[in-house]
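As given, the protein sequences belong to chains A and B, one line each in that order. Counted the way our numbering counts, the first sequence spans residues 10 to 78. Counted the way our numbering counts, the second sequence spans residues 1063 to 1204. Glycine included, each C-beta is placed from N, C-alpha and C at the ideal position. Just so you know, these numbers come straight off a predicted model, no measurement behind them. Only one structure is covered here, and it is reproduced in the block below.
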Amino acid sequence: MNLFRSEEHVARWLGARVPGATTTVSKLSELAHAWWDDRLAPDWLPHTREQNQAILDRLGLTGPFWQLA
Amino acid sequence: MDEADLDLRRRTYAAFVELGRAPAAEELGSREDVDAGWRRLHNAHALVLNPATDELRMLNPFSAVPSAYRVHAGGRWWYANCAWDAFGVCAALHADGRIETSCADCGEPILIEVREQAPDDTSLLFHVAVPVAHWWDDIVFT
């Protein structure tokens, strides 16, 4: 899970490897805040698969790559 | 994950944030009990142990060991496990922050100020190589 300066840098870093998924850093920040916001809450409970999938879906991170097991 | 393990997890995270480092098992209780609890939490993906030492490796989004992602938030420097977790440190602390890392391709420094949950430099890109369903196959690699 890395940051890059541009698509050109992503492509050069990947080389011949199969690409994963690329998003904007703004989308990453939205995702991180939705995913980790409750991590230090005293009443924290593990997210269910459905809760986490709902976060991804709500942010438009859909398709087979973003499907939880 | 029963109530005792949830409580151990809560105390582990609280100690990490208070100390700014991973607590040793003995700081939270009897070493035998804490090690066994941490092992159950590791198996439940609630934290990650170093396979060689059984010490804490990740309290996601925090890294218990130095990494390429440094985050200043809540008045202290932290290490995150990856780009996602770097933003996650700000999210978990409910704080603005500053992320210091580098482009994985060229090594050029990347500095991001996070204000009200948004990065100041929106031109950057995030790439994740492993499909979500396989993240926990090898969480350190992911």
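Taking residue i as part of the beta strand (DSSP E), name the residues at either end of that continuous run.
| i | result |
| --- | --- |
| residue 61/A | Element bounds for residue 61/A: not the beta strand (DSSP E) but the alpha helix (DSSP H), 58 to 67. |
| residue 1142/B | 1138 to 1142 |
| residue 48/A | Where residue 48/A is concerned, there is no enclosing beta strand (DSSP E), given that its DSSP letter is neither H nor E. |
| residue 30/A | 30 to 33 |
Please classify residue i: does DSSP put it in a helix, a strand, or coil?
| i | result |
| --- | --- |
| residue 1189/B | strand |
| residue 1092/B | coil |
| residue 1171/B | strand |
| residue 11/A | strand |
| residue 1129/B | coil |
| residue 1018/B | Residue 1018/B is absent from the structure shown; chain B starts at 1063 and stops at 1204. |
| residue 1150/B | helix |
| residue 1099/B | helix |
| residue 1180/B | strand |
| residue 1079/B | helix |
| residue 71/A | coil |
| residue 1134/B | strand |
| residue 40/A | helix |
| residue 1070/B | helix |
| residue 1155/B | helix |
| residue 27/A | coil |
List the whole-angstrom C-beta distance separating residue i from residue j, where the pair is believed to meet the contact cut-off of C-beta under 8 Å.
| i | j | result |
| --- | --- | --- |
| residue 1138/B | residue 1162/B | Rounded, the Cβ-Cβ distance is 14 Å, inconsistent with contact. |
| residue 1152/B | residue 12/A | Not really, about 15 Å apart at Cβ, beyond 8 Å. |
| residue 1134/B | residue 1160/B | 4 Å |
| residue 1168/B | residue 48/A | In fact, because the Cβ distance is near 32 Å, the residues do not count as touching under 8 Å. |
| residue 1142/B | residue 1136/B | About 13 Å separates the two Cβ atoms, so there is no contact after all. |
| residue 1188/B | residue 34/A | 6 Å |
| residue 74/A | residue 1193/B | 5 Å |
| residue 1084/B | residue 1078/B | 6 Å |
| residue 64/A | residue 43/A | 5 Å |
| residue 1072/B | residue 53/A | 7 Å |
| residue 1111/B | residue 1121/B | Contact doesn't hold; Cβ gap of about 11 Å is too wide. |
| residue 1146/B | residue 50/A | About 19 Å; that fails the 8 Å criterion. |
If you follow the alpha helix (DSSP H) that residue i is in, where does it begin and where does it stop?
| i | result |
| --- | --- |
| residue 1160/B | Element bounds for residue 1160/B: not the alpha helix (DSSP H) but the beta strand (DSSP E), 1159 to 1164. |
| residue 20/A | 16 to 23 |
Looking at the ligand MG, does it come within less than 7 Å of residue i, judged from the CB to the closest heavy atom?
| i | result |
| --- | --- |
| residue 1178/B | This structure lacks the ligand MG; in fact it carries no ligand of any kind. |
>> Along the stretch 52 to 74 of chain A, where does the CB come closer than 8 Å to a CB of chain B? Name the residues.
In response: 53, 54, 55, 65, 73 and 74
> Name the residues in the stretch 1112 to 1131 of chain B whose C-beta lies less than 8 Å from a C-beta of chain A; which are they?
Replying inline: 1122 and 1123
> Along the stretch 1155 to 1167 of chain B, what residues have a CB closer than 9 Å to any CB found in chain A?
Replying inline: 1155, 1156, 1161, 1163, 1164, 1165, 1166 and 1167
> For the stretch 1183 to 1196 of chain B, which residues have a beta carbon sitting closer than 8 Å to at least one beta carbon of chain A?
Replying inline: 1183, 1184, 1185, 1186, 1187, 1188, 1189, 1190, 1191, 1192, 1193, 1194, 1195 and 1196
>> Along the stretch 23 to 34 of chain A, where does the CB come closer than 9 Å to a CB of chain B? Name the residues.
In response: 23, 26, 27, 28, 29, 30, 31, 32, 33 and 34
> Taking a cut of 7 Å between CB atoms, which residues from the stretch 1070 to 1088 of chain B lie near chain A?
Replying inline: 1072, 1075 and 1079
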